[in-house]
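This report refers to the structure that appears directly beneath it.
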Amino acid sequence: MHSLFYFVHILSVVSWVPSILAESICDGACQLGTILKPLLPLLSPNASIVYSSSAAPRWSEFDEPTPGAVVNVATEHDVLVTAGGNAWADTFNLGQKDITINLRALNRIEFNQNRTRVTIQGGTIIQELINSAYLNDARVPTGNSNCVGVLGSTLGGGVGRLMGLYGLGIDNLMSLNIVTAQGIALQVDAQKFPDLWWALRGAGANFAIVTSATMKSYPVAKPENGAWTGSLVFAEDKIEALVDSINRLDLQPEMAIFLYYASTGPPNNNPIVLVNPYYIGTTEDGKSAFSTIYSIGPVAEMTAWTPYNETNDGSNPFCVKGGRKPVHSAGLARLHAPTWRAIWNEYVSFLETPGVGNSIILVEGYSMYAARRFSDSSSAYPFRETVNFHAAAMPWYYNSSIDAQALAFGSRVRDLWRSTDGLEQNSTYINFAFDDSPSTVYGENLPKLRELKRIYDSLGQFDQFFPLS
Ligand SMILES: Cc1cc2nc3c(=O)[nH]c(=O)nc-3n(C[C@H](O)[C@H](O)[C@H](O)COP(=O)(O)OP(=O)(O)OC[C@H]3O[C@@H](n4cnc5c(N)ncnc54)[C@H](O)[C@@H]3O)c2cc1C
Ligand SMILES: *[C@@H]1O[C@H](CO)[C@@H](O)[C@H](O)[C@H]1NC(C)=O
Ligand SMILES: *[C@@H]1O[C@H](CO)[C@@H](O)[C@H](O)[C@H]1NC(C)=O
Ligand SMILES: *[C@@H]1O[C@H](CO)[C@@H](O)[C@H](O)[C@H]1NC(C)=O
Ligand SMILES: *[C@@H]1O[C@H](CO)[C@@H](O)[C@H](O)[C@H]1NC(C)=O
Ligand SMILES: *[C@@H]1O[C@H](CO)[C@@H](O)[C@H](O)[C@H]1NC(C)=O
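Under mature numbering (1 follows the signal peptide of the UniProt record, and there is no 0), read the sequence shown as residues -22 to -1, 1 to 447, first letter to last.
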């Protein structure tokens, strides 16, 4: 057996089965260093092992995972598992005997000659992919924030503003190079290993480490490669009209729309209502597509046609790492105006707490036409047929003494959404979920996923992100 596979196997064992195997290896008094040091020479020269979780700062420090060691891999062979470090899920349960594998250095991106295909490594972040796509006169469907891992976000489904044209991120995957729980490297696609292919597209973090992925890419000449977007500011008495209009919009493939409750920030923390329209096309066509929103009467407008490599820049402030951000979220079939009034009242009163001025409420509306060419059972992502909007309450603060208040606020807001979500069951996109149950994130696909988990990861080695074991 090749020595690197041996390494991966040991690493996986130590990493993801702490309660059973690591216990027996370490006999209760585990010194990770003793186990890992001999392995260092097997890694490529630029890889490293750091015995402190602070080596990998995360987007939210609320209940963040604190492994005993972080392995920074440098080649696909060194293998991995934590790309951009953004997930806020409350299901991480790493202890001092556990390891995080940091893929961040695996960020190579290669387009084929006619730009219909791109291969990206497992640690690539969205900004790197978009910049490269723009230089290559192409688009690749990704999420909307530059700092997020391409694979981390895609493996849960992959929602973003190119969805209306091209479908979910998982709909654009062509093949995946993975390392399994047994430490075996495989190439997986719709023909080879169809079960794994199904499970990886929606529940990926539970089934394998993806070292690289080949995705569809769409050639677009530079002058057309961009979108009209920005913010419209509204007075709070327009909330009902806005919510009703957004709910009624028949979002065409070129369109997406976000509604935010935000604050002007310290010292006043005045709450404001913002709408971010997005249109893949000209400014004129964009304004016309959103004419029902304009007719409500924004008090200020900051919109512009923006090249593709800058369309995500508006969300850069949300990318800031650190602080405490326990996000509660809910998928919705529809928006209900009285619910949004009640949530406004919750938000305004939460903002009175000192130190929470960066907190926001948001809802994202995407055109679902392309995603609905496939059914909920076509992949592990279970909500493309029912969910039209993704809503999130994001408290953001720095003092843990606010935790209880922030959690109560987020939970109340989520209950309000769910009380009028127009859905038969709680349905939260796994990548936006927090303390949610397996059935809330996996929906009707849960039984099949559990069955596949028993086959492909029987020891539950990948059990940190909404576990299936
Ligand atoms: C500011 C912000 C904006 C966001 N915007 C969007 C958006 O527009 N669309 C969207 O769909 N989501 C979005 N998300 C949610 C995002 O998809 C999740 O937070 C996701 O889990 C982040 O992945 P990561 O790799 O950055 O984080 P990490 O914490 O590194 O990874 C999250 C999980 O995925 C696993 N993982 C990561 N890479 C791999 C890999 N290569 N192979 C196997 N498992 C892997 C990790 O092990 C971990 O369990 C956003 C999040 C933030 C913080
Ligand atoms: C290690 O990193 C350095 C600096 O980034 C780089 O120049 C070198 O090529 C890398 N070595 C290998 C073997 O990848
Ligand atoms: C692009 O190139 C690939 C080979 O890399 C080929 O299979 C495909 O048919 C080409 N597509 C177009 C539209 O030219
Ligand atoms: C986007 O690309 C243009 C070149 O067309 C470049 O001038 C600009 O700096 C890029 N923007 C960012 C944020 O990289
Ligand atoms: C956090 O809040 C508590 C309670 O209000 C206060 O006593 C403490 O000084 C604060 N800590 C910081 C670092 O501001
Ligand atoms: C849905 O979630 C709410 C909390 O937001 C919870 O009270 C309710 O019991 C859940 N419903 C189901 C069917 O799980």
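We treat Cβ as the ideally placed atom computed from N, Cα and C, and that holds for glycine.
Remember, predicted model here, so these are calculated numbers, not experimental data.
Its chain contains Val96, Ile98, Thr102, Glu106, Leu107 and Ser110 as the residues whose beta carbon lies nearer than 7 Å to that of Ile87, once the 5 sequence neighbours on both sides are disregarded; these appear in chain order. With distances taken between CA atoms, Ser345 lies nearest to Glu232 out of Ala213, Glu232 and Lys170. If you compare the alpha carbons of Phe410, Ala168 and Gly145 with that of Leu310, the shortest gap goes to Phe410.
A Cβ-Cβ contact shorter than 8 Å links Arg179 with Leu151. Spanning the alpha carbons of Glu279 and Val211 requires a straight line of approximately 6 Å. For the segment 263 to 290, the continuous beta strand (DSSP E) assignments of 3+ residues that do not extend past its boundaries occur at 278 to 285, in sequence order. Beta-bridge annotation (DSSP): Tyr29 is not paired with any residue. One alpha carbon belongs to Asp399, the other to Asp149, and they sit about 26 Å apart. The DSSP-derived three-state label of Leu154 is strand. Assignment of Met372 by DSSP, reduced to helix, strand and coil, places it in the strand class. From the listed residues Phe352, Trp374 and Tyr144, the smallest Cα separation to Ile338 is found for Trp374. For the pair Ala205 and Trp283, the Cα-to-Cα distance works out to about 6 Å. In the DSSP secondary-structure assignment, Arg36 is not bridged to any residue. For the 8 Å CB-CB criterion, Pro304 and Gly421 do not form a contact.
Look at Asn336: its beta carbon is at least 7 Å from all of the heavy atoms in ligand 5. The beta carbon of Asn24 sits closer than 7 Å to at least one heavy atom of ligand 2. When the beta-carbon positions are compared, Tyr286 and Arg117 come within less than 8 Å of each other. Taking a cut-off of 8 Å for Cβ pairs, the segment 118 to 135 and the segment 179 to 191 touch, as three or more such pairs fall below it. Using a 10 angstroms sphere on the CB of Arg428, the tally of other CB atoms stays under 16, which defines it as exposed. With the rule of 3 Cβ pairs closer than 8 Å, the segment 217 to 236 counts as touching the segment 262 to 274.
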